[in-house]
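One structure is given below, encoded as structure tokens.
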Amino acid sequence: MIVESKVGSKGELFLTKEIREKLGLKPGDKIYFEVKNEKLQVWRIPDLLEILELPSIGKPETPEEIEKDLEQFFKAQEMESVKEK
């Protein structure tokens, strides 16, 4: 794929939507640049969760959501211990 883009006045490189989609780039993602023989290669740096094949953590929870999750967890633990008796 060859796509034309521009360099901004402060040296920013602007990636087209087509390139961002092809590389799976989202705001905040980190990328590597490599220059070889006057050519620039760009690739996305996978995050740790991807490397470990873990599910995404999602948005941070509020204290109320954390408390609710803990209550559900402890209730489930309690039910398991009752079943074992």
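Basically the numbering used here = 1-based index in the sequence shown + 219.
Quick reminder that beta carbons are idealized off the backbone N, C-alpha and C, glycines included.
Query                                                                                                                                                        : Result
Assuming contact is defined by CB atoms lying nearer than 8 Å, are Lys247 and Arg263 in contact in what I supplied?                                          : First, the residue type needs correcting, since residue 247 is Gly and not Lys in the sequence shown. Cβ distance not < 8 Å, so Gly247 and Arg263 don't count as in contact.
Could you pull out every residue in the same chain whose Cβ sits closer than 6 Å to the Cβ of Glu253, ignoring the five residues on either side in sequence? : Gln260
Considering Cα atoms alone, identify which of Glu280, Tyr251 and Glu290 is closest to Asp266.                                                                : Tyr251
Just how far apart, CA to CA, sit Lys236 and Gly230?                                                                                                         : 19 Å
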